[in-house]
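Report on the following structure.
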Amino acid sequence: MTDALDPSRRIVVTGAAGGIGGMTRPLLASLYPGLVLSDRVAPADLKPAEKFVAADLTQPDELAAALAGAHSIVHLGGHSVEGAWDQILQANIVGCYNLFEAARRAGVKRVVFASSNHAVGFYPRKRKIGTDVTVRPDSRYGVSKAFGEALGALYADKHGIAVTCLRIGNVGPRPLDVRRLSIWISPEDLVQLFRIGLEHPDIRFEILYGASDNAASWWDNSRARALGYRPAGKAEDHRAHAEAEQARIGPDPVGDLFQGGTFCSAEFTNDVKRAGP
Ligand SMILES: NC(=O)c1ccc[n+]([C@@H]2O[C@H](COP(=O)([O-])OP(=O)(O)OC[C@H]3O[C@@H](n4cnc5c(N)ncnc54)[C@H](O)[C@@H]3O)[C@@H](O)[C@H]2O)c1
Numbered sequence: 003m004t005d006a007l008d009p010s011r012r013i014v015v016t017g018a019a020g021g022i023g024g025m026t027r028p029l030l031a032s033l034y035p036g037l038v039l040s041d042r043v044a045p046a047d048l049k050p051a052e053k054f055v056a057a058d059l060t061q062p063d064e065l066a067a068a069l070a071g072a073h074s075i076v077h078l079g080g081h082s083v084e085g086a087w088d089q090i091l092q093a094n095i096v097g098c099y100n101l102f103e104a105a106r107r108a109g110v111k112r113v114v115f116a117s118s119n120h121a122v123g124f125y126p127r128k129r130k131i132g133t134d135v136t137v138r139p140d141s142r143y144g145v146s147k148a149f150g151e152a153l154g155a156l157y158a159d160k161h162g163i164a165v166t167c168l169r170i171g172n173v174g175p176r177p178l179d180v181r182r183l184s185i186w187i188s189p190e191d192l193v194q195l196f197r198i199g200l201e202h203p204d205i206r207f208e209i210l211y212g213a214s215d216n217a218a219s220w221w222d223n224s225r226a227r228a229l230g231y232r233p234a235g236k237a238e239d240h241r242a243h244a245e246a247e248q249a250r251i252g253p254d255p256v257g258d259l260f261q262g263g264t265f266c267s268a269e270f271t272n273d274v275k276r277a278g279p
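Every letter in the sequence shown is one number past the one before it in the working numbering, and letter 192, counting from 1, is 194.
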């Protein structure tokens with residue numbers, strides 16, 4: 003960071019050493035010259051030109067140091083799959099609270115929060131949902147993402163931070179199976195959504211779906227489109243690959259009914275007729 007830099011370009015990315023961090027860092031660096039990468043561990047492939055500040059989300063003092071001078075945050079850090087309660091509690095509940103509170107104290111203007119499709123994973127695949135539905139988490143992980151969205155709403159309403167929650171489907175170069183044909187997002191399209199959260203003048207509090215232009219989508223993402231989102235990725239272009247991979251996975255009698263897939267079938271003890279209407 004240099005003092006001459008446009009302050010609105012000072013963006014801190016948490017969880018920068020993770021998978022999405024790796025896929026989006028080069029794109030973000032070209033847009034935001036003051037980019038600061040943060041994580042509890044440095045990215046293995048950290049470039050000399052990249053600025054990295056170590057911070058554990060469970061340590062408020064470390065977060066305060068990482069956020070000094072930041073205009074905005076892309077919050078990717080946390081436990082990114084289902085886990086034991088204490089793992090989720092520390093990284094995604096305590097950690098997310100610490101992040102928003104450190105942001106408030108540092109005068110941060112905008113936060114883009116990496117929420118997840120697993121906040122609404124128990125909606126049936128046959129139902130198309132918007133961003134106004136009640137959360138229906140499919141896991142402790144999904145509950146933690148619903149918590150993060152609620153926390154974002156609190157800090158937007160009470161403290162005026164412009165918060166964008168992205169219910170990310172699955173990020174990667176192409177969809178990995180049939181479920182991902184409905185929820186896939188390319189790294190480039192995800193960065194487009196990051197930019198909307200970081201720059202769009204109308205953002206107060208938003209929940210958007212992090213999905214490319216997927217013909218088999220289960221989500222109404224019209225609010226993202228109204229904010230200018232024009233995804234270029236199309237999952238259908240990769241259907242043959244996804245179906246071939248699916249054939250290797252085999253059926254999941256519970257997970258195949260619901261949007262969250264295996265996150266729904268894991269630890270499931272209910273009758274499917276009673277779950278996720
Ligand atoms: N990858 C996807 O398709 C996808 C889909 C939906 C949501 N998300 C969300 O997006 C975010 C990034 O996902 P990812 O795939 O890059 O995950 P990842 O697991 O690859 O990366 C997460 C990063 O967070 C860091 N982290 C974990 N606990 C931390 C702590 N206590 N303090 C500081 N850093 C900590 C880890 O070191 C890791 O580098 C996550 O919040 C995840 O829940 C990802």
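Heads up, the beta-carbon is just placed ideally off N, CA and C, and yes, glycines get one too. No experiment lies behind these values; they were computed from the predicted model shown.
Let me know the secondary structure DSSP gives residue i once reduced to three states.
| i | result |
| --- | --- |
| Val76 | strand |
| Leu101 | helix |
| Leu168 | strand |
| Arg112 | strand |
| Gly150 | helix |
| Thr4 | Because the pLDDT of Thr4 is 41, which lies under 50, any placement of that residue in the model is unreliable, and the number read from its coordinates should be weighed accordingly. Thr4: coil per DSSP, three-state reduction. |
| Val173 | strand |
| Thr63 | A small correction: the amino acid at residue 63 is Asp; Thr does not occupy that position in the sequence shown. DSSP places Asp63 in helix when its eight states are reduced to three. |
| Lys275 | helix |
| Glu84 | coil |
| Glu238 | helix |
| Ser141 | coil |
| Ser117 | strand |
Beta-carbon separation of residue i and residue j under 8 Å?
| i | j | result |
| --- | --- | --- |
| Ile163 | Val114 | no |
| Ser214 | Ile187 | yes |
| Ile75 | Ala116 | no |
| Tyr157 | Phe196 | no |
| Ala72 | Val15 | no |
| Ser146 | Ile198 | no |
Relative to the C-alpha of residue i, which candidate in the options has its C-alpha closest?
| i | options | result |
| --- | --- | --- |
| Gly154 | Ala70, Arg138, Glu208, Ser40 | Glu208 |
| Val256 | Phe265, Cys98, Arg112 | Phe265 |
| Ala18 | Thr136, Gly263, Arg12, Val38 | Val38 |
| Asn94 | Pro189, Phe149, Pro50, Ala226 | Phe149 |
| Thr60 | Pro35, Pro50, Asp47, Arg42 | Arg42 |
| Leu192 | Leu48, Tyr211, Gly71 | Tyr211 |
| Asp159 | Glu201, Ile205, Pro45 | Ile205 |
| Leu229 | Glu201, Lys147, Ala217 | Glu201 |
| His161 | Gln89, Arg107, Ser118 | Arg107 |
| Pro203 | Leu168, Arg112, Asn272, Glu238 | Arg112 |
| Pro35 | Lys53, Gly20, Ala218, Gly263 | Lys53 |
| Ala152 | Arg12, Gln92, Cys98 | Cys98 |
If I measure Cβ to Cβ from residue i and keep anything under 6 Å in the same chain, skipping five residues before and after, which residues do I get?
| i | result |
| --- | --- |
| Gly144 | His120, Ala121, Gly123 |
| Ala57 | Ser40, Glu64, Leu65, Ala68 |
| Leu33 | none |
| Thr4 | The predicted model places Thr4 with a pLDDT of 41, which falls under 50 and marks its position as unreliable; any figure quoted below should be read in that light. Contacts found: none. |
Between which two residues does the alpha helix (DSSP H) holding residue i run?
| i | result |
| --- | --- |
| Arg127 | First-last for Arg127: undefined, no H or E at that position. |
| Ile251 | 241 to 251 |
| Ala56 | No alpha helix (DSSP H) contains Ala56, which is instead part of the beta strand (DSSP E) from 53 to 56. |
| Glu190 | 189 to 201 |
| Leu29 | 21 to 33 |
| Leu210 | Not the alpha helix (DSSP H): Leu210 falls in the beta strand (DSSP E), residues 207 to 212. |
| Arg93 | Rather than Arg, the amino acid found at residue 93 in this sequence is Ala. Segment: none, Ala93 is in no alpha helix (DSSP H) and carries neither H nor E. |
| Arg227 | 224 to 228 |
Excluding the 5 residues preceding and the 5 following residue i in the sequence, name in chain order all residues of the same chain whose CB lies nearer than 7 Å to its CB.
| i | result |
| --- | --- |
| Glu84 | Ser141, Arg142, Tyr143, Phe265, Ala268 |
| Val180 | Ala244, Glu245, Gln248 |
| Ile251 | Asp179 |
| Ala277 | Phe124 |
For residue i, I'd like the list of residues in its chain whose CB is within less than 8 Å of its CB, leaving aside the five on either flank, ordered along the chain.
| i | result |
| --- | --- |
| Trp220 | Tyr125, Arg127, Arg129, Lys130, Ile131, Ser184, Ile185, Gln261 |
| Asn100 | Leu59, Thr60, Gln61, Pro62, Leu65 |
| Pro189 | Ile22, Met25, Thr26, Leu29, Val173, Gly174, Pro175 |
Just curious, the beta strand (DSSP E) that residue i is in, first and last residue?
| i | result |
| --- | --- |
| Val14 | 13 to 16 |
| Val38 | 38 to 41 |
Under the criterion of a Cβ to heavy atom distance below 7 Å, does residue i qualify as lining ligand 2?
| i | result |
| --- | --- |
| Asn100 | No copy of ligand 2 appears in this structure; the ligands present are ligand 1. |
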